[in-house]
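Take any residue in the sequence shown, count from 1 to its spot, add 17: that is its number in the working numbering. Worksheet for the structure shown next.
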Amino acid sequence: MFRGVLIRKGRSDRQPVSFSLAEGYLYLSTGKVISLSEVEVGIRAGKYAPFFLYLPDGSQLIVTEGVQELEVALNEQLPVHRRFWVHKFETWQRSVLIALAFLILGLVFWFTKGSDWAAAMVVEMIPPELESYLGEQILFGLKRMGISLRAPETEEQPLEDMFHRLARYAGFSDAHLYIMPDTSMLNAFAIPGGYVVFTEAMVDRYLEEDSDSVGVLALAGVVAHELGHIQLQHTLRLLVKSALVASIFTVLTGDVSIVALGMAKQVLVLSYRREYEEQADEYAIRLLLDYGVDPEPFLQLMAELAEEEPSEDVLPEFVRSHPYMSRRLAHMRQIIEAYRSSDRVDTARITY
Numbered sequence: 018m019f020r021g022v023l024i025r026k027g028r029s030d031r032q033p034v035s036f037s038l039a040e041g042y043l044y045l046s047t048g049k050v051i052s053l054s055e056v057e058v059g060i061r062a063g064k065y066a067p068f069f070l071y072l073p074d075g076s077q078l079i080v081t082e083g084v085q086e087l088e089v090a091l092n093e094q095l096p097v098h099r100r101f102w103v104h105k106f107e108t109w110q111r112s113v114l115i116a117l118a119f120l121i122l123g124l125v126f127w128f129t130k131g132s133d134w135a136a137a138m139v140v141e142m143i144p145p146e147l148e149s150y151l152g153e154q155i156l157f158g159l160k161r162m163g164i165s166l167r168a169p170e171t172e173e174q175p176l177e178d179m180f181h182r183l184a185r186y187a188g189f190s191d192a193h194l195y196i197m198p199d200t201s202m203l204n205a206f207a208i209p210g211g212y213v214v215f216t217e218a219m220v221d222r223y224l225e226e227d228s229d230s231v232g233v234l235a236l237a238g239v240v241a242h243e244l245g246h247i248q249l250q251h252t253l254r255l256l257v258k259s260a261l262v263a264s265i266f267t268v269l270t271g272d273v274s275i276v277a278l279g280m281a282k283q284v285l286v287l288s289y290r291r292e293y294e295e296q297a298d299e300y301a302i303r304l305l306l307d308y309g310v311d312p313e314p315f316l317q318l319m320a321e322l323a324e325e326e327p328s329e330d331v332l333p334e335f336v337r338s339h340p341y342m343s344r345r346l347a348h349m350r351q352i353i354e355a356y357r358s359s360d361r362v363d364t365a366r367i368t369y
């Protein structure tokens with residue numbers, strides 16, 4: 018008998034459960050019986066990292082007792098072609114990461130001028146599975162910090178529908194939208210692995226009108242912008258850069274959970290570089306135009322935010338962490354004009 022915590026899809030409460038495996042089935046103390054062929058085993062990249070089982074209804078089961086025994090049982094009962102591929106990942110990881118550790122340790126000059134290059138090198142070597150797992154751990158870290166996230170509610174369905182349509186069109190096979198309540202900030206941010214978070218204040222402000230109005234189309238631009246940060250790995254690069262020493266320890270030990278909590282704190286205050294913001298803006302405009310969404314409501318939203326930020330006379334541009342809104346608006350209008358004057362419409366996935 019094993020023990021764990023069940024987190025149901027769309028809910029933040031945690032239910033302690035016990036469970037067992039027998040003849041290819043998972044038996045939960047709640048009375049539910051699930052075929053192991055429908056259960057996804059999460060990546061446990063490290064001895065002390067949480068062990069997740071993903072159930073077919075979208076729930077997550079975090080194993081708290083009997084982890085090693087469960088690994089043995091899964092090896093015995095999973096179909097051969099699915100037999101605990103996490104061990105394959107960890108075996109691969111051990112051999113590759115030893116060499117990778119020596120490479121990263123050689124990047125000592127990160128402390129002087131090589132931080133951007135060093136972070137880019139680390140990011141290039143992170144497989145998609147590990148990036149997704151890191152995103153899960155950052156979400157888990159936010160919850161540990163007492164920051165609540167929830168699934169979109171019924172009145173927010175227009176935003177959720179637009180989010181998934183744009184994400185699928187852009188090539189994201191597994192993207193997730195969360196809402197952060199209890200804050201007056203107008204904000205949205207991206208988390209590696211396909212996670213986008215909107216503050217409730219941001220959603221409420223622009224979804225007050227009808228779902229077919231400027232509001233949801235304006236937020237579609239924000240969605241596209243944040244997807245751009247994920248696709249172009251801006252968020253991942255800055256998080257790795259801010260925690261490169263901890264990342265080196267992660268490579269040596271394979272325990273992502275140690276660095277994830279620090280990254281969870283960083284993601285709330287992350288400031289993108291000017292070129293990152295402009296690249297995400299361009300990605301967003303091209304994605305909207307390719308998909309057939311008018312980008313003008315997004316530009317109106319940006320113009321409103323420009324009125325709320327400090328005057329451009331306060332600080333010179335080069336000392337700011339992102340371009341002034343007026344410069345970004347001008348840049349995006351240039352992209353729109355060039356796109357619409359072109360004879361060729363590129364509907365392929367946007368890449369850089």
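Each residue gets a CB set at the ideal place from its N, CA and C atoms; glycine is no exception.
Q. Considering only residues of the segment 141-206, which uninterrupted beta strand (DSSP E) runs meet the minimum length of 3 residues and lie entirely inside it, listed in chain order?
A. 193-197
Q) Among Ile51, Ala90, Gly75, which has the Cα closest to the Cα of Phe19? A) Ala90
**Q.** Contacting residues, own chain, Cβ-Cβ under 6 Å from Val214 (five flanking each side not counted)
**A.** Tyr195, Met197, Phe206
(Q) Our contact map puts Ser52 next to Val34 with C-beta atoms below 8 Å; I'd like the distance itself, whole angstroms only. (A) Actually they do not touch by this definition, with Cβ atoms about 18 Å apart.
Q. How do the segment 170-188 and the segment 142-149 stand: do at least 3 beta-carbon pairs fall below 8 Å, yes or no?
A. no
Q.
Can you tell me which residues form a DSSP beta bridge with Gln32?
A. Leu23
Q. In chain order, what residues of the same chain lie with their CB nearer than 6 Å to the CB of Glu334, ignoring the 5 residues before and after it?
A. With a pLDDT of 39 at Glu334, under the threshold of 50, the predicted position of this residue should be treated as unreliable, and no value is reported.
Q) Do you know how far the Cα of Ala137 is from the Cα of Phe128? A) The predicted position of Phe128 is uncertain, since its pLDDT is 48 and thus under 50; no value can be drawn from it.
Q. What distance in whole Å lies between the Cβ atoms of Tyr300 and Leu249, which are believed to be in contact at a cut-off of 8 Å?
A. 7 Å
**Q.** Per DSSP, cross-strand counterpart(s) of Ser37
**A.** Tyr44
Q.
Can you list, in chain order, the residues of its chain with a C-beta nearer than 6 Å to that of Val97? Leave out the 5 residues immediately preceding and following it.
A. Annotation note: pLDDT 47 at Val97 (below 50); position unreliable, no value reported.
(Q) Under DSSP, the alpha helix (DSSP H) around Ser359 begins and ends at which residues? (A) Where Ser359 is concerned, there is no enclosing alpha helix (DSSP H), given that its DSSP letter is neither H nor E.
**Q.** Nonlocal neighbours in the same chain, by C-beta distance under 6 Å from Leu236, ignoring five residues either side
**A.** Answer for Leu236: Leu176, Tyr223, listed in chain order.
Q: Could you say which of Tyr308, Asp307, Met219 lies nearest to Leu374 if we only look at CA atoms?
A: The structure shown does not extend to residue 374, since the chain spans only 18 to 369, so no value can be given for it.
Q: Below 8 Å on the Cβ atoms is my guess for Ile24 versus Ile79; work out the distance and round it to an integer in Å.
A: Between Ile24 and Ile79, the beta carbon gap of about 7 Å places them in contact (Cβ cut-off 8 Å).
Q | Span separating the alpha-carbon of Glu324 from that of Ser343 | A | 10 Å
Q) Just how far apart, CA to CA, sit His251 and Gly75? A) Rounded to the nearest angstrom, the two C-alpha atoms are 28 Å apart.
Q) Would you report the Cα separation of His208 and Leu156, rounded to the nearest angstrom? A) Reading the sequence as shown, one finds Ile at residue 208 and not His. Taking the straight line from one Cα to the other gives about 8 Å.
Q.
Check whether chain D comes within 8 Å of Glu82, counting only Cβ atoms and requiring the distance to be less than that.
A. The structure shown contains no chain D; it holds only a single protein chain.
Q | C-beta contact flag for Gln296 and Gly245 at 8 Å | A | yes
Q: Please confirm whether Leu38 and Gln77 have their CB atoms less than 8 Å apart.
A: no
Q.
Going by DSSP, what residue range makes up the alpha helix (DSSP H) through Glu88?
A. 84-94
Q | Assigned exposure category for Met349 - 16 Cβ within 10 Å defines buried | A | buried
Q: Confirm, please, whether the CB-CB distance from Val58 to Val139 is below 8 Å.
A: no
**Q.** C-alpha distance - Arg291 paired with Met162, whole-angstrom precision
**A.** Cα to Cα, Arg291 sits roughly 29 Å from Met162.
**Q.** Given Glu153 as reference, the closest of Tyr212, Gly48, Ser190, Gln174 once Cα atoms are compared
**A.** Tyr212
Q: Let me know the secondary structure DSSP gives Gln250 once reduced to three states.
A: coil
(Q) What does DSSP give as the partner residue(s) for Thr216 in the beta ladder? (A) Met197
Q) Alpha carbon to alpha carbon, how far is Ser359 from Ala347? A) 19 Å
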